[in-house]
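All remarks here apply to the structure that follows.
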Amino acid sequence: MIPNVKRLDTDILILGSGGAGLFAALHAHKASADLSITVAVKGLLGKCGCTRMVQGGYNVALAREDSVERHFMDTIEGGKWLPDQELAWKLVVLAIERIKELENELGCFFDRNPDGTIHQKAFAGQTFDRTVHKGDLTGIEIINRLAEQVWARDISRLEEHRAVELIKSIDGEGIAGVLFIDMRTGEYVLVRAKAVLLATGGGPTMYRYHTPSGDKSCDGLAMAARAGLALRDMEMVQFHPTGLLAGAHTRMTGTVLEEGLRGAGGHLLNGAKQRFMPQYDPKAERATRDIVSRAMFAEIAKGNTSPHGGLYLSMAQLDPQKVKSDFKGMVERCADCGFDLAGGLVEVVPTAHYMMGGVEFAADCSTALPGLFVAGEDSGGVHGANRLGGNGVANSTVFGAVAGDTMAQWVSGREFLQLDTGGIEAAIAACERPLRNAAKGNLQAVREKLYGTMWEKVGIIRDASGLAEAQQELAQLEQELDSLKIGGGNRAFNLTWHDWLNLKSLLAVSRIIAAAAVAREDSRGAHYRSDFPDSGPLEASSYTSVLDSRLSMKPVAFTRVKPGQTLLKNAV
Ligand SMILES: Cc1cc2nc3c(=O)[nH]c(=O)nc-3n(C[C@H](O)[C@H](O)[C@H](O)COP(=O)(O)OP(=O)(O)OC[C@H]3O[C@@H](n4cnc5c(N)ncnc54)[C@H](O)[C@@H]3O)c2cc1C
């Protein structure tokens, strides 16, 4: 019997209000203003998620000397030949349209050169300086303008509504709606929809040091896995080399100091204040994130660290005035934590930043579940083994827009599907579980253990025995969490309940990450196995795919270019 559940209907339901969710809403509305469109989000629209946190900028081939082919080759080579080439191609081609839409239609202002052209800066791992930005606070510019445009249209909002389950149709053949908890009251809300977009932005917040916003706990990925969708490349978790390290007492620890700092000539120093990156890679600090993070992890393992157990970032060898003007936000963030970025040293540590893995999807954003679409960081396949800095927000805006266009077409002439009431009852029972349990326990202890297991055994450097231990520890932690009681007297803004739900999603997805990491017996991009340090033959590249806890390796289709070839003309 379903308890008192508030019910709503909408043609298109969008989960998440990052770059993917908001672009989808605007494009669907543009395609057909008569549609009812609802954006449902765990936080406040325009104020949550990671697109708002984008610092460095947006990769796009705009300059005359650059080309989509070059952006594509950088993406494929950076992704160690694992990206789905059709998705990567769509990314680089449509990024040009989206950046123009952002400036010319939606009102963003990006930094310009003296001649009036858009300024594009250097980002690591790219052969051309193609990162469009607004100082070092690009995401605020993008999300503020997108949110204003959404507010100005007839698009409904469900804020502080947490999606907890994708509800299928009674025959299981399609998606019929989504179950939410209204976090402000603790009541359940059931929204029927003809099309649903999963755009909850992944978020590897199961690691001790992490960058994403606190509202992100892999809910979308956990829901997708439960709904029987395949997740690909889940072992590929990107660590950003320069997370701020300011002690355990502050949430600023783990937050990111942007890539452009290394692009502009920043150096990494060990505890003895000596530069070490040139010994690891000819590109030194401008090598890709995986290489720099691994080198840092190795230096930290040698024990030659800064006071908080990390390393140092130095910009002092550059012009301090220029650092202050080019990286105003970063300078202020460091000053808040007692560091002088422009003239001194800042303590840093690699920090979990981005999940390349996600739901398998087609280039029109459809998934294997009819009516369910995916875009942004919840999706998998665009980046392969490594995401280039600047390709994340391009990914969410490009595929968000594609999803909006596709969903507008999909819902035309369709009826609502009949909801599977058994699925709703089961989902509510699962959410109620911690409120009904008998044994009190310590949620924070579960979180700390999860952080430790993922950081030490499923993190930057992995091996078979550590991964096997991690799998056992994660299974045990899930049991611990499942039996833990939390106080449910007042459901309104019951953040302990939501913490429990966050951990539930994080544990489910951590187990998938660990399983995929066990299966990949080679080292590619973000995934490094010390017991299998070679990349394996690129021509035989395959990706991991997890479906209903079963793992398979699927061959990558080289639809545009094969390893050893290039799309660039006149390449030497
Ligand atoms: C600090 C930082 C800096 C970055 N800098 C760059 C950069 O310079 N360049 C770049 O390309 N990329 C950068 N990235 C990555 C980039 O932010 C992401 O790739 C991209 O913005 C993801 O967009 P999205 O729309 O998929 O998700 P997000 O923007 O994260 O939005 C996710 C949304 O889903 C909502 N949500 C989550 N769970 C639920 C739920 N259960 N129910 C309902 N709603 C839910 C969230 O509240 C949020 O609104 C950065 C990331 C971080 C963390």
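According to the numbering used here, the residues represented by the sequence shown are 1036 to 1607, in order. Each residue gets a CB set at the ideal place from its N, CA and C atoms; glycine is no exception. None of the values given here were measured: they were computed from a predicted structure.
Every unbroken beta strand (DSSP E) inside the segment 1159-1240 [3 residues or more]: 1191-1193, 1196-1203, 1210-1217 and 1222-1233
message: Closer than 7 Å to a non-hydrogen atom of ligand 1 - does that hold for the CB of R1197?
response: yes
message: At the level of alpha carbons, what is the spacing between E1574 and G1416?
response: 17 Å
task: Check whether the Cβ atoms of A1228 and T1441 lie closer than 8 Å to each other.
output: For A1228 and T1441, no; Cβs fall outside 8 Å.
- prompt: Ends of the alpha helix (DSSP H) at T1456?
  reply: T1456 to R1471
Limits of the unbroken beta strand (DSSP E) element including I1047: V1040 to L1050
- prompt: Does the beta-carbon of D1250 have 16 or more other beta-carbons within 10 angstroms, so that it is buried, or is it exposed?
  reply: buried
query: Whose C-alpha, out of A1157, M1088, V1167 and E1136, is nearest the C-alpha of L1097?
result: V1167
task: Taking all protein chains shown into account, decide if V1366 is buried (16 or more other Cβ within 10 angstroms of its Cβ) or exposed.
output: buried
message: Using the Cβ count rule (16 or more neighbours within 10 Å means buried), how would you classify T1594?
response: By the C-beta density criterion, T1594 is exposed, having fewer than 16 other C-beta atoms within 10 angstroms.
task: Whole angstroms is fine: what's the gap from A1510's alpha carbon to R1546's?
output: 8 Å
Touch test, the segment 1383-1394 against the segment 1270-1287, Cβ-Cβ under 8 Å, three pairs minimum: Yes: the two stretches touch, three or more of their Cβ pairs being nearer than 8 Å.
- request: Could you tell me if R1471 is buried or exposed, where buried requires 16 or more neighbouring beta carbons within 10 angstroms of its beta carbon?
  value: exposed
message: Between the alpha carbons of F1311 and L1233, how many angstroms are there, rounded?
response: 42 Å
- prompt: Who does P1590 pair with in a DSSP beta bridge?
  reply: S1577
message: For ligand 1, is there any heavy atom lying closer than 7 Å to the beta carbon of A1234?
response: yes
task: Classify Q1507 as helix, strand or coil using the three-state DSSP reduction.
output: Three-state DSSP puts Q1507 in a helix.
Residues bridged to K1539 (per DSSP): Per DSSP, none; premise fails for K1539.
query: Does the Cβ of T1086 lie closer than 7 Å to at least one heavy atom of ligand 1?
result: yes
field: Cα-Cα separation, G1487 to S1414
entry: If you draw a straight line from the Cα of G1487 to the Cα of S1414, it is about 26 Å long.
Nearest to G1247 (by Cα), restricted to the options M1269, A1257 and F1274: Position check: residue 1247 holds Pro in this sequence, whereas Gly was assumed. Out of M1269, A1257 and F1274, F1274 has the C-alpha closest to the C-alpha of P1247.
- prompt: Can you name the residues that DSSP bridges to V1024?
  reply: This structure cannot settle anything about residue 1024, because the visible part of the chain is limited to 1036 through 1607.
- request: With distances taken Cα to Cα, identify the nearest neighbour of L1541 among R1564, R1243, T1220 and E1176.
  value: R1243
- request: Give, in chain order, every unbroken run of the beta strand (DSSP E) that is at least 3 residues long and sits entirely within the segment 1266-1329.
  value: 1272-1279 and 1302-1304
message: Quick check: what's the CA-CA separation for T1220 versus N1426?
response: 38 Å
- prompt: Can you tell me whether DSSP reads T1432 as helix, strand or coil?
  reply: helix
query: Any idea which residues DSSP pairs Y1093 with across the strands?
result: V1167
message: Could you tell me the alpha carbon to alpha carbon distance between F1567 and A1550, rounded to whole angstroms?
response: 16 Å
- prompt: Are there 16 or more other CB atoms within 10 angstroms of the CB of A1059, so buried, or fewer, so exposed?
  reply: buried
message: Given this structure, state the Cα-to-Cα distance separating E1320 from I1216, to the nearest angstrom.
response: 44 Å
field: For D1583, the nearest candidate out of L1129, R1267 and L1070 (CA to CA)
entry: R1267
field: Cβ neighbours of E1195 in the same chain (closer than 6 Å, five flanking residues each side left out)
entry: M1218 and R1219
- prompt: Considering only residues of the same chain and omitting the five flanking positions on each side of E1294, which have a CB-CB separation below 6 Å?
  reply: G1091, F1158, A1159 and G1424
- request: In angstroms with no decimal places, state the Cα-to-Cα distance between A1066 and I1134.
  value: 19 Å
Distance, G1494 Cα to L1048 Cα: 34 Å
task: Could you spell out where the beta strand (DSSP E) holding S1349 opens and where it closes?
output: L1346 to S1349
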